[in-house]
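Everything on this sheet refers to the single structure shown next.
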């Protein structure tokens, strides 16, 4: 399978996962043009997956349906998505291109947000595969809480963090280096974070996406997945001026700190 991140808008990625013939799953087409350009070079969409309703993840869908009227679109049950959607919910499963797609409900960024864990058959999800997580989990960061609560978002992130180490983290935006600045303010002595920052910097300087990451890397580097790590607990307590309490309290404070972080 060939994974590609198609740049879109200012910093979005539209993800495609294609077989050897070019037949592809398309994830979060916020614009049609990048997908149409890829199609002119041989890509053949077979399905669209939508993680959430925000315009920069869905707005290209109508134009793609005009080009391919019978293309199935799968996504959350959310009336703010203005195209016909085959709605999915927690625990649903699909088979696309001979791959198994497991649907995870991950409220926090939005209340109806979904993530899609795509794996080779007969692995039961243990082979890693690909995680299309929209704006829930970013490399070295996580999404803002526009609709959900800290409890919901922390629980969603912990669900994603429990997937296999080798899972490729295919998130919706190129935010790695800006997230790295905050992560290093929180956890400056983390050697794995330093290596990931250098890796991402080199990838961006060479014109490549910093993504996908892996869950093993994110668990080692991403402060939002490390709210029980003593370095993160201590940093948050220092910022608050008091202990945050449990991991969820640490997460809530960490997200507020990030929201106001100026770099």
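Residue numbers (full-length UniProt numbering): 1 to 263. Backbone N, C-alpha and C define an ideal beta-carbon position, used for all residues, glycine too.
{"Item": "Where residue 165 falls, given that 16 or more other Cβ within 10 Å makes a residue buried", "Value": "exposed"}
{"Item": "Proximity test, residue 133 beta-carbon vs the ligand ZN heavy atom, cut-off 8 Å", "Value": "Of the ligands one can find in the structure shown there are none, so the ligand ZN has no counterpart to examine."}
{"Item": "Alpha helix (DSSP H) runs contained entirely in the stretch 138-196, provided each spans 4 or more residues", "Value": "150-161, 176-186"}
{"Item": "Sufficient close CB pairs (3 or more, under 8 Å) joining the stretch 202-209 to the stretch 226-237", "Value": "no"}
{"Item": "Of the residues 60, 109, 41, the one placed nearest residue 154, counting alpha carbons only", "Value": "109"}
{"Item": "Residue 12 to residue 173 span [Cα, whole Å]", "Value": "4 Å"}
{"Item": "Cβ neighbour criterion (16 or more within 10 Å) applied to residue 132", "Value": "buried"}
{"Item": "Environment of residue 175 [buried if 16+ CB atoms lie within 10 Å]", "Value": "buried"}
{"Item": "Stretch-stretch touch, CB-based, cutoff 8 Å, three pairs: the stretch 215-222 with the stretch 233-249", "Value": "no"}
{"Item": "Residues bridged to residue 116 (per DSSP)", "Value": "103, 132"}
{"Item": "Residue 75 and residue 102 closer than 9 Å at C-beta", "Value": "no"}
{"Item": "Local Cβ density within 10 Å of residue 2, reported as buried at 16 or more and exposed below that", "Value": "exposed"}
{"Item": "Coil, strand or helix - residue 31 by DSSP", "Value": "coil"}
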